[in-house]
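With the UniProt record's numbering, the residue at position 331 of the sequence shown is 331, and numbering never jumps. So the structure is just underneath, and the comments pick up after that.
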Amino acid sequence: MWNDLKISSFLAYKSILKGNRAVLILTPVVISFSIANIAFSDSLFTGVIRALEGQLIDNLFSNILIEPEDDHTYITSVDEVVAKVSSIPGVLAVAPHYKTSAQFSFDPEKDNTHVTKRGYTVVGIDPLVEPDVTKISRSMLEGRYLEPSDRDSMLIGAEVAGGGKGSFEKISLGGVNVGDKVRVSHSNGIVREYKVIGIFKTGMDGIDIMTFVTRKEFEATHGVTDRAHEIMVRLPQLGNEEKIIAQIRALGYTKEKIGPWSSFSNFTANMSSSFSILNFITGVISLVVACTTIFIVIFIHVVNKKRQLGILKAIGVSEQIIINSYLIQTLFYGFAGAVLSLGIMYGVANPYFNYSPLDMGFAKVRLLIQPLGMLKSVVIIVGASLIAGFIPAWMTVRQSIIKAIWG
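Okay, here's the thing in structure tokens:
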């Protein structure tokens, strides 16, 4: 068996060495791009999903969200809840929120003839705690962030401001700038005028359509204290949500609705499913290209070498040795392509996207190359190439010696 393998290796070596130089170069290149295409699609789609998840966690839900129990508007004794949850090992920060809808009016000319009215969400936050839980404070487009002493002041998203700052002008107030005043009719009927002190832009429309005031301002306007519509819990990393949720419930909060960020949004799950389909399609295309290339290369080679193969059979070289020699050639092309694909992904694509991330509007997307995903791409393409190389070799060596020699 060892001697047979040595003979197969020798035949493969001579065939590659004396073969066409263009074939020797281009075949691994085609295979490398087929592997890289699968790995690139997977890495890009993973990067998009992670960027979207980051937006939802960093600005909308945090890692864990606590909401009132059924039939209750507020979470009560919020200061106590925050203190207890903050004491749990592994909790980075906790931020209570007030949240309600309100009617906004903006009259840029102050003449009561060009008034724009829209409905938006108003969120009451603690400006000292909020930056540890969300990244709104690091997404300022104009002006400044809220301070604890701010009253009659408001922070608004780019989609609320409009005037070219957001993506959907028709749902905006039509061009609010820092320093302008907006009139807000709260859900309890109280009407207040707020000075816009800052405009933020995260790039995600569902966040940039929100507005923020301080908790003290919200409490004064709505006549509440030590309550919250929701409490965000920030963790240092993903993966420990269920463990922390169990510890929160162990503190006695069994009736409140507590869940990880993923339970409040099906968007990423739906997008991940769609990307999986796209990734499968691109993978199939790459697989067909690689297999077709290998099949054609090996087929042309065995057709051109048919007489030599007949002579080899005539002098006693077994069919299996000849087939194995072509499988070794296929492995050479496959592994050469795999090495080139690693160079393409880690040496070209990854550094480029790190230097110049893809701007998807809602986030800057970088490639997230998964080593296991890369290995899977290599195994799939090389395995399929072996099958594609085996078929023409097997078809040819099955011919009789006389037919092979005389063509």
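Even glycine gets a Cβ: it sits at the ideal position worked out from N, Cα and C.
DSSP state of residue i, grouped into three classes?
{"i": "E230", "result": "strand"}
{"i": "T27", "result": "helix"}
{"i": "I387", "result": "helix"}
{"i": "R183", "result": "strand"}
{"i": "E80", "result": "helix"}
{"i": "M210", "result": "strand"}
{"i": "D359", "result": "strand"}
{"i": "H222", "result": "helix"}
{"i": "G203", "result": "coil"}
{"i": "Y352", "result": "helix"}
{"i": "P96", "result": "strand"}
{"i": "V365", "result": "strand"}
{"i": "V289", "result": "helix"}
{"i": "I401", "result": "Its pLDDT being 49, under 50, I401 is placed unreliably in this model, and the coordinates cannot settle the point."}
{"i": "G198", "result": "strand"}
{"i": "Y333", "result": "helix"}
{"i": "Y326", "result": "helix"}
{"i": "D58", "result": "helix"}
{"i": "residue 409", "result": "No statement about residue 409 is possible, as the shown extent of the chain runs from 1 to 407 and does not include it."}
{"i": "A240", "result": "One detail in the question is off: residue 240 reads as Asn in this sequence, not Ala. Correct three-state label for N240: coil."}
{"i": "K216", "result": "helix"}
{"i": "G90", "result": "coil"}
{"i": "L372", "result": "helix"}
{"i": "W394", "result": "helix"}
{"i": "T254", "result": "coil"}
{"i": "S265", "result": "coil"}
Buried or exposed: residue i, going by 16 or more other Cβ atoms within 10 Å of its Cβ?
{"i": "K255", "result": "exposed"}
{"i": "S377", "result": "buried"}
{"i": "K170", "result": "exposed"}
{"i": "D208", "result": "buried"}
{"i": "Q329", "result": "buried"}
{"i": "P148", "result": "exposed"}
{"i": "K165", "result": "buried"}
{"i": "A404", "result": "Legend: pLDDT at A404 = 46, less than 50; position of this residue unreliable, no value from coordinates given."}
{"i": "F106", "result": "buried"}
{"i": "I387", "result": "exposed"}
{"i": "I25", "result": "exposed"}
{"i": "S101", "result": "exposed"}
{"i": "Q55", "result": "buried"}
{"i": "A22", "result": "exposed"}
{"i": "A250", "result": "exposed"}
{"i": "S274", "result": "exposed"}
{"i": "F280", "result": "exposed"}
{"i": "A338", "result": "buried"}
{"i": "L278", "result": "exposed"}
{"i": "P236", "result": "exposed"}
{"i": "L375", "result": "exposed"}
Per the DSSP calculation, residue i is bridged to which residue(s)?
{"i": "P260", "result": "I64"}
{"i": "V379", "result": "None, per the DSSP bridge assignment."}
{"i": "K6", "result": "Looking at the DSSP assignment, K6 forms no beta bridge with any residue, so it has no partner."}
{"i": "F106", "result": "T116"}
{"i": "V191", "result": "S185"}
{"i": "S101", "result": "T121"}
{"i": "I75", "result": "A228"}
Using the C-alpha atoms, what's the distance from residue j back to residue i?
{"i": "V78", "j": "R227", "result": "5 Å"}
{"i": "R366", "j": "G347", "result": "14 Å"}
{"i": "T292", "j": "K99", "result": "59 Å"}
{"i": "V289", "j": "S34", "result": "7 Å"}
{"i": "E109", "j": "V191", "result": "20 Å"}
{"i": "L92", "j": "D126", "result": "16 Å"}
{"i": "residue 408", "j": "R151", "result": "The question about residue 408 has no answer here: the residues shown for the chain are numbered 1 through 407."}
{"i": "S153", "j": "G239", "result": "37 Å"}
{"i": "N37", "j": "V94", "result": "42 Å"}
{"i": "K201", "j": "F390", "result": "57 Å"}
{"i": "A246", "j": "T134", "result": "23 Å"}
{"i": "V297", "j": "R234", "result": "56 Å"}
{"i": "D359", "j": "I57", "result": "19 Å"}
{"i": "H97", "j": "K216", "result": "11 Å"}
{"i": "F264", "j": "E241", "result": "13 Å"}
{"i": "G124", "j": "S41", "result": "41 Å"}
{"i": "G179", "j": "T113", "result": "21 Å"}
{"i": "L331", "j": "S325", "result": "10 Å"}
{"i": "I248", "j": "V85", "result": "6 Å"}
{"i": "Y145", "j": "N59", "result": "15 Å"}
{"i": "L372", "j": "H72", "result": "47 Å"}
{"i": "K364", "j": "Y355", "result": "11 Å"}
{"i": "N177", "j": "A161", "result": "7 Å"}
{"i": "I31", "j": "P351", "result": "22 Å"}
{"i": "Q320", "j": "L327", "result": "10 Å"}
{"i": "Y333", "j": "S286", "result": "16 Å"}
{"i": "V182", "j": "L155", "result": "11 Å"}
Those runs of the beta strand (DSSP E) which lie wholly inside the stretch 130 to 175 and span at least 3 residues: Those beta strand (DSSP E) runs which fall completely within the stretch 130 to 175 and span 3+ residues are 140 to 143, 153 to 157.
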